[in-house]
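Peer 1:
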């Protein structure tokens, strides 16, 4: 799977991968693509992508506004799919969205 194919199928994750590559974090970008490509079920895809993003959550601050917003949307999607919301994380994302619009 190429970056372009990922961007077509999951645009927000494609934005995150593009931003990571621009910051010379190609290994992490490849890991995210591998999480999508080599998983056999949607549960594995969302679980692995969510785990990878959670492990490297400090990198979200280094992305552009578009990249960090895409990162948040990916996490929001994963939390919605698993039927629960981590309330403190949700409030933190809302706060960041508020300040991005200022």
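Residue numbers (the working numbering): 882 to 983.
Think of the CB as a built atom: it goes at the ideal place given N, C-alpha and C, for glycine as much as any other residue.
The structure presented is a predicted model; accordingly, all values stated were derived computationally and were not measured.
1) What residues in its chain sit with their C-beta under 7 Å from that of residue 898, if we drop five residues either side in the sequence?
2) Between which two residues does the alpha helix (DSSP H) carrying residue 940 extend?
3) Whole angstroms are fine: how far does the CA of residue 978 sit from the CA of residue 961?
4) Alpha helix (DSSP H) containing residue 906: first to last residue?
5) Can you give me the Cβ contacts of residue 955 inside the same chain, cut-off strictly under 6 Å, excluding the 5 residues immediately before and after it?
Peer 2: Let's see:
1) 884, 887, 910, 913 and 914
2) Note, residue 940: premise wrong, no alpha helix (DSSP H); not H, not E.
3) 18 Å
4) Element bounds for residue 906: n/a, residue is neither H nor E.
5) 893 and 894
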